[in-house]
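>
2 protein chains.
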Amino acid sequence: MTDLDRRIGAHSFARLLGEWRPPDGRGLASALADRVRLLVLDGRLPLQTRIPPERELAAALGVSRTTVAAAYDTLREAAVLHSRRGAGSWTRLPPDPAGGSDVSPLFPQADRDLLDLAHAALPAPGAAMRRAAAAAVHDLDALLGGHGYEMLGLPALRAAIADRYTTRGLPTTPDQVLVTVGGQQAIALVVAALTGPGDRVLVEHPTYPNALACIAHHRARPVPVPMGPHPNGTGSWDLDLLAATVRDAAPRLVYLIPEHQNPTGAVLDDACRLRLVELARRTGTPLLIDETLVELGFGDHAPTPTAAHAPDSPLVITVGSASKALWGGLRVGWVRTAAPLVRRLAAQRAAIDLGSPVLEQLIVARLLADVEQVTAERRIELLAARDHLLDRLATTFPRWRPSRPTGGMSLWIELDEPQSSQLSVVARRHGVLLAAGPRFGIDGAFERHLRLPYTLRRDRMDEALQRLALAWQGLDHAAPAVEPEPVAVA
Amino acid sequence: MTDLDRRIGAHSFARLLGEWRPPDGRGLASALADRVRLLVLDGRLPLQTRIPPERELAAALGVSRTTVAAAYDTLREAAVLHSRRGAGSWTRLPPDPAGGSDVSPLFPQADRDLLDLAHAALPAPGAAMRRAAAAAVHDLDALLGGHGYEMLGLPALRAAIADRYTTRGLPTTPDQVLVTVGGQQAIALVVAALTGPGDRVLVEHPTYPNALACIAHHRARPVPVPMGPHPNGTGSWDLDLLAATVRDAAPRLVYLIPEHQNPTGAVLDDACRLRLVELARRTGTPLLIDETLVELGFGDHAPTPTAAHAPDSPLVITVGSASKALWGGLRVGWVRTAAPLVRRLAAQRAAIDLGSPVLEQLIVARLLADVEQVTAERRIELLAARDHLLDRLATTFPRWRPSRPTGGMSLWIELDEPQSSQLSVVARRHGVLLAAGPRFGIDGAFERHLRLPYTLRRDRMDEALQRLALAWQGLDHAAPAVEPEPVAVA
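Taken in order, these protein sequences are the chains called A and B.
Note that the first sequence covers residues 1 to 490 in this note's numbering.
Note that the second sequence covers residues 1001 to 1490 in this note's numbering.
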């Protein structure tokens, strides 16, 4: 089965481990074993990954081979590793003492007892969705006679998306729009088209985990630019640092989330947007602007879309999605950029997919026509949910320092101890799914941070916080955690 | 804009050119220019690709630099190339004398005058689709409260797909099924998971163009194994040759279409399926079995699914799709393999996409429950359409030698002249979209072949053949063709 397995090199593995050494330098082997177990349970070290031989890892970490050997022994005993003599060691899931479960661990069912705080995602806007779906089934009639492949997107939807940009202050024509299967595919198409193996992609740090996964998937390398502080605890961009990094690292692409940045919630101001576009023009570096959360601002003032500073340039590529504003189950996203680049992306798309589903496109076209009304209610609900969660956190975790975002679906919290991964593992045993801080960073950063969505129904949110409190209290006494599967994030 | 462009190296370019030299060795420059223009118009050489400098191409082709310079000059005059001094030359589209058009050239609308023989795809089965869509909108109600991300697929659909395999003689459980966005994404996920840059993937030759695109997208390399002859003109597999190629080339993956092979229409017999699986076991080489067309056989006897010879092995990975049997506009496909590999593919999926749309999955679950009845009518129609096309071809093109496939949607035709690319370019001017033979091959092979779907309505099929006859007659006298865009294939 070796052929089907993946490997991780000693230096990548060392980076993934992050800061694992105990401050007093004692108990190195058990600290190393603990960290590896955390990475497996948290999903950052995928299952059935062949880890480096003891000798190589010892060299990469600058510790003795005996230390690594002892750590591997511990992991084998805990059934986190299995080894075959002469062949190597692979990660695996420790057995689940609670017995088998048919819950899909990647995507637990909403009606189970598991409280999902790994996904920042809302239920569908029920009434509007039912109306749109029923109408779309009617619209579908006229298209059943065609072959159904829509590589660029249905004209009706491309027009609706273009109209929405135009309304937001960014004049757009339908030929500047490519409809994709969700925002993630939009990101993947752009990364695939504009980067090659080894190329650098500049990212905010922290950033959206699935964008990091996409960059890794295409064998490009993320270059992190740290987010700075902001009075409301979200974050800010240091444009000077960003420009210097573009100059020094010469990335092929800059991936940014200027609207309710995921996970910090930061919003890029108008002046900085202009500077960003000037930087792109000056250096010829394309910007990939992720606007997934743009429709979910709580205030009246929405910044000008970044692309409005260069509406016809292929150097600004905007990605949008119906998943957060409308519903994740729709899987409709899009790219907006210069028309020739749209056509080029569409032509390259056939390698990975032959177009978006027709019916979903019809539904989104109907919903987008009315998007401000459809989202009005959920923006009010989200604001109230944010305030409720902040209230509860102040009582339950007075020493945690949460952000106070002006839009989006989640808080970014600075914990009082660097225990985010450990908390996520223990919380899982209390029936709460978390995405630990390091999921949003590179090389194990953000162990002191946690993203907490406020998208659960209020009673379930309260229940989740109670369970989190138990998990947090139990952290030091936690027995080796045993969990059924890594957690996906959205 | 250099940063956003792609390049093609001199040796890749030379391979793509295939056999371009005139038999008498005269008029080299104009023959070279003609071939480059064909490749651009036919879509095999993408737009805005930077082609090699004259000196490098001359070396790769073994011709004088003067020859290449003259060819490039011709291409610049014809507006197929544009150059910037010191920067290089890029492919572009020659201007369209008919003026701009808002037709999506990648996916022309069915109601236009363009007759699409590039896609082997049927309209939706109208009545069944309407019923299933209406019912699915009802089913959707129960799921609107969840977040809608379904990375593995809706349980109801996974169960329906598993049941269908079980009925076909391949016992399958839902946890052996991963739902994807169409069969193409299923292929892409497997190629991404099991190959790395430079790895070899064995393919039949000819094969499905979008699989070749997928292999190239992941920077793997196709290793072609020629299809042999068959009395009905489709094709056959030489298992000895295939085994020898696996031994010599040590591919990481073997991609095969044993059911109504695309484009030849060949069907792999039961004995060969068993040998194939034995080969996979013996060499540890995984098989990627594309069953996209499996529901569209004309006869009563269906061969045992290949995976039935190793139902629980991750070495046999089967890909299926609703696109051909049901409708392309649904974009639902799946992978069937060992459950651990299913989970691994799902975990890696987040890099490119966050799951399949919920409503489409509900529709397919309903349609699959009844798939034999839903497809019964179209299998009868397809058989009649095949015979009708064979009849007409015998009259219109008596010197072409078409296959007589026992299922699927298209003929594979041996032409009496190696003019497939040229025909596809000229046919476009007559309002017929074709996928030329070389789209199904590597390095310019199959210039003497053409895939012709029989999926158009009969009156439109007849009209298309009349136009093709005109195009074929006009081949030698064809003026330089000017076309608005490359053609996609499905």
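By construction, the Cβ of each residue, glycine as well, lies at the ideal position given by its N, Cα and C atoms.
#1: Quick one: what does DSSP say residue 338(A) is sitting in, helix, strand or coil?
#2: Output needed for residue 1315(B): all residues of its chain with C-beta closer than 6 Å, excluding positions within five of it in sequence on either side, in chain order.
#3: State buried or exposed for residue 384(A), treating a residue as buried only when at least 16 other CB atoms are found within 10 Å of its CB.
#4: Sort out for me which residues DSSP pairs residue 1402(B) with in a bridge.
#5: For residue 154(A) and residue 361(A), which I take to be in contact (beta-carbon distance under 8 Å), what is that distance rounded to the nearest angstrom?
#6: Can you find a CB in chain A that lies within less than 8 Å of the CB of residue 1232(B)?
#7: Which same chain residues, not among the five before or five after residue 389(A), have their C-beta less than 6 Å away from its C-beta?
#8: Which term fits residue 377(A), buried or exposed, when burial requires 16 or more other beta carbons within 10 angstroms of its beta carbon?
#9: According to DSSP, is residue 260(A) part of a helix, a strand, or is it coil?
#10: Would you give the residue range spanned by the alpha helix (DSSP H) that residue 239(A) belongs to?
#11: Does the stretch 426–437 of chain A come close enough to the stretch 456–476 of chain A to have 3 or more Cβ pairs within less than 8 Å?
#12: Between the stretch 394–409 of chain A and chain B, which residues of the former have a C-beta closer than 9 Å to a C-beta of the latter?
#13: DSSP three-state call for residue 1436(B): helix, strand or coil?
#14: Can you tell which of 431(A), 432(A), 347(A), 352(A) has its C-alpha closest to the C-alpha of residue 1045(B)?
#15: Identify the residues that DSSP records as bridge partners of residue 321(A): which are they?
#16: Would you give the residue range spanned by the beta strand (DSSP E) that residue 82(A) belongs to?
#17: Would you list the residues sitting across from residue 1230(B) in a DSSP beta bridge?
#18: If I measure Cβ to Cβ from residue 1421(B) and keep anything under 7 Å in the same chain, skipping five residues before and after, which residues do I get?
#19: Would you kindly check if the distance between the Cβ of residue 1182(B) and the Cβ of residue 354(A) is under 8 Å?
#20: For the 8 Å Cβ check, are there 3 or more pairs between the stretch 204–219 of chain A and the stretch 256–275 of chain A?
#21: So, is residue 1126(B) buried or exposed, given that buried needs 16 or more other C-beta atoms within 10 angstroms?
#22: With a threshold of 8 Å between beta carbons, is residue 1424(B) in contact with chain A?
#23: Residues of the stretch 353–387 of chain A with a CB closer than 7 Å to any CB of chain B: list them in chain order, please.
#24: Can residue 439(A) be considered in contact with the ligand SAH, in the sense that its beta carbon sits closer than 7 Å to one or more heavy atoms?
#25: Taking a Cβ distance cut-off of 8 Å, strictly less, list which residues of the stretch 127–154 of chain A are near chain B, in chain order.
#26: Given 8 Å as the limit, is there contact between the stretch 1361–1372 of chain B and the stretch 1125–1139 of chain B, that is, 3 or more CB pairs closer than that?
#27: Identify, in the order they occur along the chain, each residue of the same chain with its Cβ nearer than 7 Å to the Cβ of residue 1040(B), setting aside the five sequence neighbours on each side.
#28: For residue 52(A), count neighbouring Cβ atoms within 10 angstroms of its own Cβ and tell me buried if that reaches 16, exposed if not.
#29: Got a sec: is the Cβ-Cβ distance from residue 48(A) to anything in chain B below 8 Å?
#30: With a 10 Å radius around its C-beta and 16 neighbouring C-beta atoms as the bar for buried, classify residue 1292(B) as buried or exposed.
#31: Just to confirm the assignment, what range does the beta strand (DSSP E) spanning residue 1177(B) have?
#32: Give me the chain B residues within the contact set of residue 327(A), using Cβ-Cβ distance strictly less than 9 Å, ordered along the chain.
#33: Which residues does DSSP list as the beta-bridge partners of residue 1297(B)?
#34: Would you say residue 1181(B) lies against chain D (beta-carbon separation less than 8 Å)?
#35: Could you have a look at residue 1011(B) and say whether DSSP puts it in helix, strand or coil?
#36: Under 8 Å, Cβ to Cβ, is there at least one residue of chain B near residue 305(A)?
Taking the structure as given:
#1: For this step, residue 338(A) is matched to residue 338 along the first sequence. Coil at residue 338(A), not helix or strand.
#2: Here the question's residue 1315(B) lines up with position 315 in the second sequence. Closer than 6 Å at the Cβ level, and outside the excluded window around residue 1315(B), lie 1280, 1286.
#3: Numbered from 1 along the first sequence, position 384 holds the residue referred to as residue 384(A). So residue 384(A) ends up on the exposed side.
#4: Reading the second sequence from its first residue, position 402 is the one you call residue 1402(B). BP columns for residue 1402(B) point to 1413(B).
#5: Taking the first residue of the first sequence as position 1, residue 154(A) is located at position 154. Taking the first residue of the first sequence as position 1, residue 361(A) is located at position 361. About 4 Å separates the two Cβ atoms, so the contact holds.
#6: The sequence position of residue 1232(B) within the second sequence is 232, counting from 1. Chain A contact via Cβ: absent.
#7: For this step, residue 389(A) is matched to residue 389 along the first sequence. Residues of the same chain with a CB within less than 6 Å of the CB of residue 389(A), apart from the 5 flanking positions on each side, are 454 in chain order.
#8: By one-based count along the first sequence, residue 377(A) stands at place 377. It is exposed - the Cβ of residue 377(A) has fewer than 16 other Cβ atoms within 10 Å.
#9: Stepping through the first sequence from its first residue, residue 260(A) is reached at position 260. Reduced to three states, the DSSP call for residue 260(A) is coil.
#10: Translated into positions along the first sequence, residue 239(A) becomes position 239. 239–249 is the span of the alpha helix (DSSP H), which, as asked, contains residue 239(A).
#11: yes
#12: Closer than 9 Å at the C-beta level to chain B, one finds no residue of the stretch 394–409 of chain A.
#13: Counting from one through the second sequence, the residue named residue 1436(B) turns up at place 436. In this structure, residue 1436(B) counts as strand in the three-state DSSP scheme.
#14: Counted from its first residue, the second sequence places residue 1045(B) at position 45. The residue with the shortest Cα to Cα distance from residue 1045(B) is 347(A).
#15: Locating residue 321(A) in the first sequence gives position 321, counting from the first residue. Looking at the DSSP assignment, residue 321(A) forms a beta bridge with 333(A).
#16: Taking the first residue of the first sequence as 1, we reach residue 82(A) at position 82. 81–84 is the extent of the beta strand (DSSP E) around residue 82(A).
#17: Looking up residue 1230(B) in the second sequence gives position 230. Per DSSP, none; premise fails for residue 1230(B).
#18: Along the second sequence, read from residue 1 onward, the residue named residue 1421(B) stands at position 421. So the list reads 1038, 1042, 1436, 1438, 1447, once near-sequence residues are dropped.
#19: Taking the first sequence and counting its residues from 1, the one referred to as residue 354(A) is at position 354. Taking the second sequence and counting its residues from 1, the one referred to as residue 1182(B) is at position 182. A contact, by the Cβ cut-off of 8 Å.
#20: Yes, since at least three Cβ pairs between the stretch 204–219 of chain A and the stretch 256–275 of chain A fall closer than 8 Å, the two stretches touch.
#21: Reading the second sequence from its first residue, position 126 is the one you call residue 1126(B). Residue 1126(B) is exposed by the Cβ-count criterion.
#22: In the second sequence, residue 1424(B) corresponds to position 424, counting from 1. No, residue 1424(B) does not count as interfacial toward chain A.
#23: 353, 354, 355, 356, 357, 358, 359, 360
#24: The ligand SAH is not part of this structure, which contains no ligands at all.
#25: 129, 130, 133, 134, 137, 140, 141, 143, 144, 145, 146, 147, 148, 149, 150, 151, 152
#26: Touching, yes.
#27: Counting from 1 along the second sequence, the entry for residue 1040(B) is found at position 40. Only 1080, 1091 meet the Cβ criterion.
#28: Counting from one through the first sequence, the residue named residue 52(A) turns up at place 52. The residue in question, residue 52(A), is buried, as its Cβ has 16 or more Cβ neighbours within 10 Å.
#29: If you number the first sequence from 1, residue 48(A) lands on position 48. Yes, because at least one Cβ of chain B sits closer than 8 Å to the Cβ of residue 48(A).
#30: Taking the second sequence and counting its residues from 1, the one referred to as residue 1292(B) is at position 292. Counting Cβ neighbours within 10 Å, residue 1292(B) comes out buried, since at least 16 surround it.
#31: Within the second sequence, the letter at position 177 stands for residue 1177(B). From DSSP, the beta strand (DSSP E) with residue 1177(B) extends over 1177–1180.
#32: On the first sequence, position 327 is the one that residue 327(A) refers to. Correct list: 1144, 1147, 1148, 1358.
#33: The residue you call residue 1297(B) lines up with position 297 of the second sequence. DSSP output for residue 1297(B) lists 1407(B) as bridge partner(s).
#34: You won't find chain D in this structure, because its protein chains are A and B.
#35: In the second sequence, counting from the first residue as 1, residue 1011(B) sits at position 11. It is helical.
#36: Along the first sequence, one-based indexing puts residue 305(A) at 305. For residue 305(A), the answer is no, since every Cβ of chain B falls outside 8 Å of its Cβ.
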